[in-house]
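Q: Here the protein sequences come in this chain order: A and B.
Letter by letter, the first sequence follows residues 1 to 168 in our numbering.
Letter by letter, the second sequence follows residues 1001 to 1591 in our numbering.
Ideal Cβ placement from N, Cα and C applies to all residues, glycine included.
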Amino acid sequence: MDEQIRFHTIAVLVENEPGVLARVVGLFSGRGYNIESLTVAEVDHKENLSRITLVTSGNVMVIEQIKAQLDRLVPVHSVKDLTLEGPHVAAELAMVKVAGTGDKRVEALRIADIFEATVQDTTLESFVFRLHGQSAKIDQFIGLMKPLGLVDVCRTGVVAMARGKEGI
Amino acid sequence: MSRDQMTGSEIVLKALAEQGVDVIFGYPGGAVLPIYDALFQQNAVRHILVRQEAGAVHAAEGYARSTGKVGVVLVTSGPGATNAVTGLTDALMDSIPVVCLTGQVPTHLIGNDAFQEADTTGITRPCTKHNFLVKRMEDLARVMHEAFYIAQNGRPGPVVVDLPKDILQGLGEYQAASKSGHKSYRPQVKGDAGNISKAVELLAKAKKPLFYCGGGVINSGPAASQLLTDFVRMTGYPCTLTLMGLGALPATDKRFLGMVGMHGTYESNIAMHDCDVMVCVGARFDDRVTGNLAHFSPNSKKIHIDIDPSSINKNVRVDVPIVGDVGHVLEVMIKEWKAKQYKPDGKALDAWWKQIDEWRAVDCLKYDSKKDVIKPQYALERLQAITKKRSEEKGDVYFTTEVGQHQMWAAQFLHFNKPNRWMTSGGLGTMGYGLPAAMGVQVAHPDALVVDVAGEASILMNIQEMSTLAQYRLPVKVFILNNEYMGMVRQWQELLHGGRYSESYMESLPDFVKLAESFHAVGLRAEKPDQVDDLINEMIEIDKPVIADVMVDKAENVFPMIPSGAAHNEMLLGPEDRAEHAVSEDGMVLV
Ligand SMILES: Cc1ncc(C[n+]2csc(CCOP(=O)(O)OP(=O)(O)O)c2C)c(N)n1
Ligand SMILES: [Mg+2]
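1. Run the CB neighbour count on valine 1318 of chain B, radius 10 Å, all protein chains shown included, and call it buried at 16 or more, exposed below.
2. Using C-beta distances below 8 Å, list every residue in its chain close to arginine 1046 of chain B, excluding the 5 sequence neighbours before and after it, in chain order.
3. Label leucine 1049 of chain B either buried or exposed according to how many other C-beta atoms from any shown protein chain fall within 10 Å of its C-beta, with 16 as the threshold for buried.
4. Is it the case that the stretch 1388-1398 of chain B contacts the stretch 1425-1435 of chain B, given that we only count it when at least three CB pairs across the two stretches are under 8 Å?
5. How would you list, in chain order, the residues of chain A whose beta-carbon sits under 8 Å from the beta-carbon of isoleucine 1167 of chain B?
6. Against chain B, with Cβ distances strictly below 7 Å, would histidine 77 of chain A count as a contact?
7. Can you grab the Cα-Cα spacing for the pair leucine 1133 of chain B / valine 1161 of chain B, in whole Å?
8. I'd like the list of long-range same chain contacts for glutamine 134 of chain A, defined as Cβ closer than 8 Å, with 5 residues on each side in sequence excluded.
9. Compute the distance between the beta-carbons of glycine 1236 of chain B and glycine 1214 of chain B, then report whether it is under 7 Å.
10. Can you grab the Cα-Cα spacing for the pair threonine 56 of chain A / leucine 1330 of chain B, in whole Å?
11. Helix, strand or coil, according to DSSP, for arginine 1525 of chain B in the structure here?
12. I want to verify the contact list: residues of chain B whose CB lies under 9 Å from the CB of alanine 162 of chain A, in sequence order.
13. Quick test of your reading: leucine 1383 of chain B and valine 1279 of chain B, contact by CB under 8 Å. State the CB separation rounded to the nearest angstrom.
14. For valine 1373 of chain B, which residues in the same chain have their Cβ closer than 7 Å to its Cβ, ignoring the five residues on either side in sequence?
15. Run through the DSSP bridge pairs and tell me what histidine 1497 of chain B is partnered with.
16. Which class does arginine 1421 of chain B belong to by DSSP, given the choice of helix, strand or coil?
17. Mind checking the stretch 77-100 of chain A against chain B and listing, in chain order, the residues whose C-beta falls within less than 7 Å of any C-beta there?
18. Which partner residues of glutamine 1005 of chain B appear in the DSSP bridge assignment?
19. In chain B, what lies closer than 8 Å to valine 74 of chain A by C-beta?
20. Are the CB atoms of histidine 88 of chain A and alanine 41 of chain A nearer to each other than 7 Å?
21. Buried or exposed: serine 1297 of chain B, going by 16 or more other Cβ atoms within 10 Å of its Cβ?
22. Just the chain A side, please: which residues come within less than 8 Å of serine 1310 of chain B by C-beta, in chain order?
23. Using a Cβ cut-off of 7 Å (strictly closer), state whether glycine 26 of chain A contacts chain B.
24. Can you tell me whether methionine 1431 of chain B sits near ligand 1, meaning its C-beta is under 6 Å from at least one heavy atom of the ligand?
25. Give me the chain B residues within the contact set of alanine 22 of chain A, using Cβ-Cβ distance strictly less than 7 Å, ordered along the chain.
26. Using DSSP with H/G/I as helix, E/B as strand and the rest coil, what is arginine 1046 of chain B?
27. By Cβ distance below 7 Å, which residues in the same chain neighbour glutamate 1381 of chain B in space, the five residues on each side in sequence not counted?
28. Helix, strand or coil, according to DSSP, for glycine 1593 of chain B in the structure here?
29. In this structure, does DSSP put arginine 130 of chain A in helix, strand or coil?
30. What do you get for tyrosine 1501 of chain B, buried or exposed, if any count of 16 or more other CB atoms within 10 angstroms of its CB means buried?
31. Throw me the rounded Cβ distance for the valine 1070 of chain B and phenylalanine 1148 of chain B pair, which I believe falls under 8 Å.
32. Determine which residues of the stretch 1296-1327 of chain B have a Cβ less than 7 Å from any Cβ of chain A, and write them out in chain order.
33. Taking 7 Å as the CB-CB cut-off, is glycine 30 of chain A touching chain B?
34. Rounded to whole angstroms, what is the Cα-Cα separation between alanine 1600 of chain B and threonine 1401 of chain B?
35. Alpha carbon to alpha carbon, how far is tyrosine 1378 of chain B from glutamate 1527 of chain B?
36. Isoleucine 10 of chain A and aspartate 71 of chain A - do their beta-carbons sit closer together than 7 Å?
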């Protein structure tokens, strides 16, 4: 059997009601699944729907279980495995605070420019950069900032959507 | 007050009535007093006052399992709700439809650590199929109806509705149940036609087929059990049942191989190991059934029919998955079998049956009888024989059990020819289940004979319900196989822990005869084999609750046994097989 661990991005459309996130998170902790990242926000006020984007990991059988378990939660409307169902676009937003002076400060700004990060806040000794894109790109940016005075990182986690004309 | 306005409590009761509820099991307290007040002023819904909330949930389970209807529970906030948790978990594991109404502190006090406040929806989230906290009057009626819809549709399970006191006392309008089902919860009932065709073809071509069926068949309703029986007879294929599935195929049918699993029959387990096509109907490849997964039925193609997609490919990879209601799917399968005029491979099937008959000849349930000591198996054989006679003359017999050796012997030695006659805690294995469950069964079937096969340790876990039996004149029979040990624990200690009987012997057991009398019931005792028949005959003639204390062999073990972590073909058949060799390091960590 295929035991290889793989990462899957899963989109879940849920009823926007109290406790729904606790159900999803409790499912993952209770059954020992991994959450690599999770984002959630209301997407349709009138229909009272929220959308969760989850990145999780496991072998084929575990990933299948995760989807089946999610789908049987009562307030879940639909579950889509974006990794499995074809090409999709994914992005993440990050804010990165770097403190320093002199050459390091100049270098940080130069690299931020290359990554198309924008400066959200600045003092004479610090920047807060904002950048978005693939998670790997953000990882790389953070890696480069480390020796340049990295102070703080905050990331939204991945949001993702299938390519093409079909909705969830 | 406008004409259509009523209190929250009245809305709750009206919703119960609309849902066809005639009885609820409950225990009062501050937060639910408004419901108790409303109950007092009506006659549509009967209330059974239990003696502990755990008893209420198990009683509702017994009621549900013996009727196919939803069992309903009413408890107060805080300790009332937390006492219900074991029962809710039990109902979740065994897929029993239960609606449990819990009181809650008024909405403005929620989160303040108010008196008898507990985060009931938080606590019960992982042990219910779904739960609700009603915070707005206008949601109350809808939530009540949704709770019933969710409890009984798809894979059944327990649903909690948490009801703050101000909601119960406030005024609102009643709403009838919506006909359009649920907004997001829509379980798939019909199976995929393509996969059904594939499955039937696979079955028709099988040389060593096996039906492996479980509680899902019972949950699908009596018609599903009938369809299963028809299909098994039509094909002539052997069939094994899980602990939860007993009764789905009549035990008298010659195609029935007995129960499968850790204490199932030799022929069932070996057939499961050796079969070439297995059709799993409403069962879930639970670890008590599969034994060591790496060696589980290595050469079979597997078909799995289940209403819960998460049951499929969870433990065992199957070749043909069919998501749908067992009854629907079996009906289509039978049609397909007939339409395509499939015939089983007669020669192969004869050879398969010949093989199975050889396994049967091992006579795996045999035991040594003794003249002066009652063997628990003997007591159950007599119970089976005498109650069978009574059921032919006077109608139905229902059995519940507690948890332990007696439970396994009951599963092996009692015979069920109809579904919904056997109530046992399978998934959770809850000691203390049997007595309150029997109470729920007796409430649903006042004229039936209801027997709880018990152990002397388990029965003490909910013994308080004897008082409920007396109050409502429920003539439940408690049949204790008294070995003065937590026998199942002792058995594992004997076989796996070098005979060190750590804390599995209970001194100072009560005198169960006197205990019965103090609860206004009748106490009986048998100490020698020749007293067993008289005891059983007397027990079933008495029109009152009875505790029958049957003193059995203290050292007897349940066989056959597949030790944890072993494969089906590594079964221990009796005391002469040594467990230590069969149990691997990996097996020792398993429960
Ligand atoms: C609530 C609960 N606690 C502990 C256990 C573990 N357990 C399983 S069987 C058993 C012993 C049961 O003893 P008894 O009721 O006398 O039955 P016997 O095995 O002797 O027939 C125990 C302690 C359990 N199943 N349930
Ligand atoms: Mg015992």
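A: On the basis of the data shown:
1. Position 318 of the second sequence, counted from the start, is the residue given in the question as residue 1318 of chain B. Answer is buried; the Cβ neighbour count reaches 16.
2. Residue numbering aside, residue 1046 of chain B sits at position 46 when the second sequence is read from its first letter. Closer than 8 Å at Cβ, skipping near neighbours: Asp1022, Val1023 and Ile1024.
3. Within the second sequence, residue 1049 of chain B is the residue found at index 49, counting from 1. It is exposed - the Cβ of leucine 1049 of chain B has fewer than 16 other Cβ atoms within 10 Å.
4. no
5. Counting from 1 along the second sequence, the entry for residue 1167 of chain B is found at position 167. Ordered by position in chain A, no residue passes the 8 Å Cβ test against isoleucine 1167 of chain B, which lies about 15 Å from the chain.
6. Here the question's residue 77 of chain A lines up with position 77 in the first sequence. Yes, because at least one Cβ of chain B sits closer than 7 Å to the Cβ of histidine 77 of chain A.
7. Counting from 1 along the second sequence, the entry for residue 1133 of chain B is found at position 133. Counting from 1 along the second sequence, the entry for residue 1161 of chain B is found at position 161. When rounded, the distance between both Cα atoms is 6 Å.
8. Within the first sequence, numbered from 1, the residue matching residue 134 of chain A stands at position 134. Cβ within range, chain order: Ala90, Ala91 and Glu92.
9. Taking the first residue of the second sequence as position 1, residue 1236 of chain B is located at position 236. Taking the first residue of the second sequence as position 1, residue 1214 of chain B is located at position 214. For glycine 1236 of chain B and glycine 1214 of chain B, no; Cβs fall outside 7 Å.
10. Counting from one through the first sequence, the residue named residue 56 of chain A turns up at place 56. Counting from one through the second sequence, the residue named residue 1330 of chain B turns up at place 330. Between threonine 56 of chain A and leucine 1330 of chain B, the C-alpha separation is close to 36 Å.
11. Within the second sequence, the letter at position 525 stands for residue 1525 of chain B. Looking at arginine 1525 of chain B - three-state DSSP - the assignment turns out to be strand.
12. Counting from 1 along the first sequence, the entry for residue 162 of chain A is found at position 162. Ordered by position in chain B, no residue passes the 9 Å Cβ test against alanine 162 of chain A, which lies about 21 Å from the chain.
13. Residue mapping note: residue 1383 of chain B aligns to position 383 of the second sequence, counting from 1. Residue mapping note: residue 1279 of chain B aligns to position 279 of the second sequence, counting from 1. Contact flag wrong, Cβ pair sits at about 33 Å.
14. The residue labelled residue 1373 of chain B in the question sits at position 373 within the second sequence. Around valine 1373 of chain B: Asp1553.
15. For the purposes of this step, residue 1497 of chain B is taken as residue 497 along the second sequence, with counting starting at 1. Answer is none; histidine 1497 of chain B lacks a bridge partner.
16. Along the second sequence, one-based indexing puts residue 1421 of chain B at 421. Here arginine 1421 of chain B sits in coil by DSSP.
17. His77
18. Your numbering for residue 1005 of chain B matches position 5 in the second sequence. In DSSP, glutamine 1005 of chain B forms a bridge with B:Glu1173.
19. Numbered from 1 along the first sequence, position 74 holds the residue referred to as residue 74 of chain A. Those are Lys1129, His1130, Ile1150, His1182, Ser1184 and Tyr1185, listed as they occur along chain B.
20. The residue labelled residue 88 of chain A in the question sits at position 88 within the first sequence. The residue labelled residue 41 of chain A in the question sits at position 41 within the first sequence. Contact: no.
21. Against the second sequence, residue 1297 of chain B aligns to sequence position 297. Flag for serine 1297 of chain B reads buried.
22. The residue labelled residue 1310 of chain B in the question sits at position 310 within the second sequence. Correct list: Gln65, Ala68, Gln69, Asp71 and Arg72.
23. On the first sequence, position 26 is the one that residue 26 of chain A refers to. Interface residue, yes.
24. Taking the first residue of the second sequence as position 1, residue 1431 of chain B is located at position 431. Indeed, a heavy atom of ligand 1 lies less than 6 Å from the Cβ.
25. Along the first sequence, read from residue 1 onward, the residue named residue 22 of chain A stands at position 22. Going along chain B in sequence order, the residues near alanine 22 of chain A (Cβ under 7 Å) are Arg1125.
26. Within the second sequence, numbered from 1, the residue matching residue 1046 of chain B stands at position 46. Here arginine 1046 of chain B sits in strand by DSSP.
27. The residue you call residue 1381 of chain B lines up with position 381 of the second sequence. Correct list, in chain order: Phe1413.
28. The displayed coordinates of chain B run from 1001 to 1591. Any statement about residue 1593 of chain B would go beyond what the structure contains.
29. Counting from one through the first sequence, the residue named residue 130 of chain A turns up at place 130. Here arginine 130 of chain A sits in strand by DSSP.
30. Working through the second sequence from its first residue, we reach residue 1501 of chain B at position 501. Flag for tyrosine 1501 of chain B reads exposed.
31. One-based indexing of the second sequence puts residue 1070 of chain B at position 70. One-based indexing of the second sequence puts residue 1148 of chain B at position 148. The Cβ separation is near 6 Å, so the contact holds.
32. Asp1308, Pro1309, Ser1310, Asn1313, Lys1314 and Arg1317
33. Here the question's residue 30 of chain A lines up with position 30 in the first sequence. Glycine 30 of chain A counts as touching chain B.
34. Residue numbering for chain B in the displayed model covers 1001 to 1591; residue 1600 of chain B lies beyond these limits and cannot be assessed.
35. Locating residue 1378 of chain B in the second sequence gives position 378, where the first residue counts as 1. Locating residue 1527 of chain B in the second sequence gives position 527, where the first residue counts as 1. So the alpha carbons of these two residues sit roughly 13 Å apart.
36. The residue labelled residue 71 of chain A in the question sits at position 71 within the first sequence. The residue labelled residue 10 of chain A in the question sits at position 10 within the first sequence. No, the Cβ-Cβ distance between aspartate 71 of chain A and isoleucine 10 of chain A is not below 7 Å.
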